[in-house]
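The block underneath contains the structure these notes are about, expressed in structure tokens.
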Amino acid sequence: MKETAIIILLAIQLISWVWYQKYQFLERDLFATKPQEAYANNKLWHKWKAVNHISLYGLLFLGFGFKTMLIFAVLFWALFDVLINIVVLNRKALYVGVTADTDKFLRKLGEFLHIKPEIASVLIKVVILAIAIII
Numbered sequence: 392m393k394e395t396a397i398i399i400l401l402a403i404q405l406i407s408w409v410w411y412q413k414y415q416f417l418e419r420d421l422f423a424t425k426p427q428e429a430y431a432n433n434k435l436w437h438k439w440k441a442v443n444h445i446s447l448y449g450l451l452f453l454g455f456g457f458k459t460m461l462i463f464a465v466l467f468w469a470l471f472d473v474l475i476n477i478v479v480l481n482r483k484a485l486y487v488g489v490t491a492d493t494d495k496f497l498r499k500l501g502e503f504l505h506i507k508p509e510i511a512s513v514l515i516k517v518v519i520l521a522i523a524i525i526i
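Counting from 392, one number per residue, gives the positions in the sequence shown under the working numbering.
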């Protein structure tokens with residue numbers, strides 16, 4: 392029962408966020424006319440998206456426990472990135488952007504490990520998922 396609820400929540404959260412992002416990108420034309428304002432706006436919605444995620448993960452933690460919450464978070468992170476890259480940005484599935492704090496972290500991690508940021512992204516997600524499954 393809990394597993395079914397988690398799968399349904401993952402699907403709803405993932406699909407709603409991908410479509411939210413798609414329409415947000417489609418309606419925004421500030422990059423051509425006001426790039427600084429567009430960048431500031433971009434940073435703001437990333438922060439609000441983080442608030443949404445933290446609140447959802449808190450609910451998952453309270454309802455299902457830490458392990459389930461962590462597995463959900465990693466799967467959502469991985470699938471969301473892939474879907475945004477393909478559906479919204481029309482890029483390769485493993486593309487790592489330059490705006491979000493997580494993108495910047497993954498780029499720095501890649502530099503530190505002397506690997507591509509895309510490999511760093513996959514590596515960190517797989518490691519966190521493996522730890523979550525083991526614990």
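Where is the CB? At the ideal position from N, CA and C, for every residue including glycine.
- Between the C-alpha atoms of aspartate 472 and lysine 495, what's the straight-line distance to the nearest angstrom? Taking the sequence shown and counting its residues from 1, one reaches residue 472 at position 81. Taking the sequence shown and counting its residues from 1, one reaches residue 495 at position 104. Looking at the two C-alpha atoms, the distance is approximately 14 Å.
- At least three beta-carbon pairs within less than 8 Å, the segment 395-411 to the segment 457-465: The segment 395-411 vs the segment 457-465: in contact.
- Using a threshold of 7 Å, is the CB atom of leucine 451 nearer than that to any non-hydrogen atom of the ligand ZN? Ligands in the displayed structure: none, and consequently the ligand ZN is not present.
- Kindly list the residues whose CB is nearer than 8 Å to the CB of glutamine 415, restricted to its own chain and excluding five residues on each side of it in sequence; keep chain order. For the purposes of this step, residue 415 is identified with residue 24 of the sequence shown, where counting begins at 1. Answer for glutamine 415: Trp436, listed in chain order.
- With DSSP run on the structure shown, which of helix, strand or coil describes threonine 493? Taking the first residue of the sequence shown as 1, we reach residue 493 at position 102. Correct three-state label for threonine 493: helix.
- Query: If we count Cβ pairs, one from each stretch, closer than 8 Å, do we get three or more for the segment 466-480 versus the segment 401-411?
  - Reply: Flag = yes, the segment 466-480 and the segment 401-411 touch.
- Taking the alpha carbon of threonine 493 as the point to measure from, which residue in Ser512, Leu504, Gln427, Glu502 has its own alpha carbon closest? Along the sequence shown, one-based indexing puts residue 493 at 102. In this structure, Ser512 is the residue among Ser512, Leu504, Gln427, Glu502 with its C-alpha nearest to the C-alpha of threonine 493.
- Query: If you scan the segment 454-512 from start to end, which runs of the alpha helix (DSSP H) of 4 or more residues do you find wholly inside it?
  - Reply: If we require 4 residues or more, the alpha helix (DSSP H) runs fully inside the segment 454-512 come out as 457-474, 492-504.
- Query: If phenylalanine 463 and leucine 401 are in contact, beta carbons under 8 Å, what's the gap, nearest whole angstrom?
  - Reply: As a position in the sequence shown, residue 463 is number 72, starting the count at 1. As a position in the sequence shown, residue 401 is number 10, starting the count at 1. At roughly 6 Å, the Cβ-Cβ gap stays under 8 Å, so phenylalanine 463 and leucine 401 are in contact.
- Simplified DSSP state of lysine 438, which is helix, strand or coil: Indexing the sequence shown from 1 puts residue 438 at position 47. It is helical.
- Task: Note down the Cα distance separating alanine 491 from glutamate 428, rounded to an integer number of angstroms.
- Result: Mapped onto the sequence shown, residue 491 falls at position 100. Mapped onto the sequence shown, residue 428 falls at position 37. Going by the C-alpha atoms only, they are around 16 Å apart.
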